[in-house]
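Below is one structure, written out as structure tokens; the observations come after it.
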Amino acid sequence: DAGITQSPRYKITETGRQVTLMCHQTWSHSYMFWYRQDLGHGLRLIYYSAAADITDKGEVPDGYVVSRSKTENFPLTLESATRSQTSVYFCASSLRDRSPLSSYEQYFGPGTRLTVT
Amino acid sequence: GDSVTQMEGPVTLSEEAFLTINCTYTATGYPSLFWYVQYPGEGLQLLLKATKADDKGSNKGFEATYRKETTSFHLEKGSVQVSDSAVYFCALSRTNAGKSTFGDGTTLTVKP
Chain A
2 DAGITQSPRY
12 KITETGRQVT
22 LMCHQTWSHS
32 YMFWYRQDLG
42 HGLRLIYYSA
52 AADITDKGEV
62 PDGYVVSRSK
72 TENFPLTLES
82 ATRSQTSVYF
92 CASSLRDRSP
102 LSSYEQYFGP
112 GTRLTVT
Chain B
12 GDSVTQMEGP
22 VTLSEEAFLT
32 INCTYTATGY
42 PSLFWYVQYP
52 GEGLQLLLKA
62 TKADDKGSNK
72 GFEATYRKET
82 TSFHLEKGSV
92 QVSDSAVYFC
102 ALSRTNAGKS
112 TFGDGTTLTV
122 KP
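Residue numbers (this note's numbering), protein chains in the order written: chain A, 2 to 118; chain B, 12 to 123.
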């Protein structure tokens, strides 16, 4: 499928378990992002990546790990899930364009709803 | 650092009413400005954008003008429909910065 996909779409896990959320994009966009969306908090950036093998922390990185060995994939791992990580997670990508009028709009996946019990 | 402040919601309107959602920003340089829309159960999608001062972005009857003098990018629509019910996010990105800064979102409900 063309575009940006996330899997699974829904996940229920128990406290303390490791969970990996997958994100795949077909556009070869350089930038990829992980956000969480919680009621009352809008979108919060967890991690982002400017290219394969280059990642950086966002606003709320604690408890999460990312990797990016291939341009098209950007998995997010919760090493030991906690109830506070119950949220909707969105992956996004953006084209790296060095032209003066580049605008860096982001393209979002459909989201993964994660529940930690 | 960069920031985006948008009108607090929720906003409830009757069908065919005029819509304004205010958005102001703080950023160095000349950022690009965006409005994204999120329909229930979906990810965000770009609604419109403007890349320089005085540009007007438009799409699906929505418009927003990049006002550098007031650092604003207010979203407007002359006649809303029930299908416009969604959450609207204002955002900015700076050239070569990659990341975007998002506002907190404004929930719009349009009643028939």
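Backbone N, C-alpha and C define an ideal beta-carbon position, used for all residues, glycine too.
Predicted model only: the values in this text are computed from it and were never measured.
Residue-chain proximity (residue i, chain B), Cβ-Cβ < 9 Å
i, result
"Gly-112 (chain A)", "yes"
"Gly-64 (chain A)", "no"
Residue i at chain A interface by Cβ criterion, 9 Å
i, result
"Gln-56 (chain B)", "yes"
"Tyr-99 (chain B)", "no"
"Tyr-189 (chain B)", "There is no way to answer for residue 189 (chain B), as the model of chain B reaches only from 12 to 123."
Spatial distance of residue i from residue j (CA atoms)
i, j, result
"Arg-105 (chain B)", "Gly-52 (chain B)", "29 Å"
"Thr-83 (chain A)", "Lys-110 (chain B)", "27 Å"
"Phe-84 (chain B)", "Arg-78 (chain B)", "6 Å"
"Glu-80 (chain A)", "Met-18 (chain B)", "37 Å"
"Gly-68 (chain B)", "Asp-63 (chain A)", "37 Å"
"Tyr-65 (chain A)", "Leu-22 (chain A)", "11 Å"
"Phe-73 (chain B)", "Pro-123 (chain B)", "19 Å"
Test item: CB-CB of residue i and residue j under 9 Å
i, j, result
"Tyr-108 (chain A)", "Tyr-36 (chain A)", "no"
"Ala-97 (chain B)", "Val-48 (chain B)", "yes"
"Ala-38 (chain B)", "Val-91 (chain B)", "no"
"Gly-43 (chain A)", "Gly-114 (chain B)", "yes"
"Glu-87 (chain B)", "Leu-44 (chain B)", "no"
"Val-117 (chain A)", "Thr-87 (chain A)", "yes"
"Asp-13 (chain B)", "Thr-120 (chain B)", "no"
"Thr-117 (chain B)", "Val-22 (chain B)", "yes"
"Leu-40 (chain A)", "Val-61 (chain A)", "no"
"Gly-110 (chain A)", "Gln-38 (chain A)", "no"
"Ala-64 (chain B)", "Cys-34 (chain B)", "no"
"Tyr-32 (chain A)", "Ser-95 (chain A)", "yes"
Per-residue contacts from residue i into chain A (C-beta, under 7 Å)
i, result
"Asp-115 (chain B)", "Gly-43"
"Glu-53 (chain B)", "Pro-111"
Residue i: contacting residues in chain B (beta-carbon distance under 7 Å)
i, result
"Ser-95 (chain A)", "Gly-109"
Beta-carbon contacts of residue i that lie in its chain and below 6 Å, excluding the five residues immediately before and after
i, result
"Val-67 (chain A)", "Tyr-48, Thr-56 and Leu-77"
"Arg-114 (chain A)", "Tyr-11 and Val-89"
"Tyr-36 (chain B)", "Val-15, Thr-82 and Leu-103"
Amino acids of chain B, ordered along the chain, whose beta-carbon sits closer than 8 Å to that of residue i
i, result
"Leu-46 (chain A)", "Lys-110"
"Ala-51 (chain A)", "Gly-109"
Contact set between residue i and chain B, taken where Cβ atoms lie within less than 9 Å
i, result
"Tyr-32 (chain A)", "Gly-109 and Lys-110"
"Phe-75 (chain A)", "In chain order: nothing, as chain B lies at least about 14 Å away."
Same chain only: Cβ atoms within 7 Å of residue i, ignoring 5 sequence neighbours per side
i, result
"Arg-18 (chain A)", "Ala-82"
"Lys-58 (chain A)", "Tyr-48"
Close Cβ partners of residue i (< 8 Å) along its chain, the five nearest in sequence each way excluded
i, result
"Ala-53 (chain A)", "Arg-69, Ser-70, Lys-71 and Thr-72"
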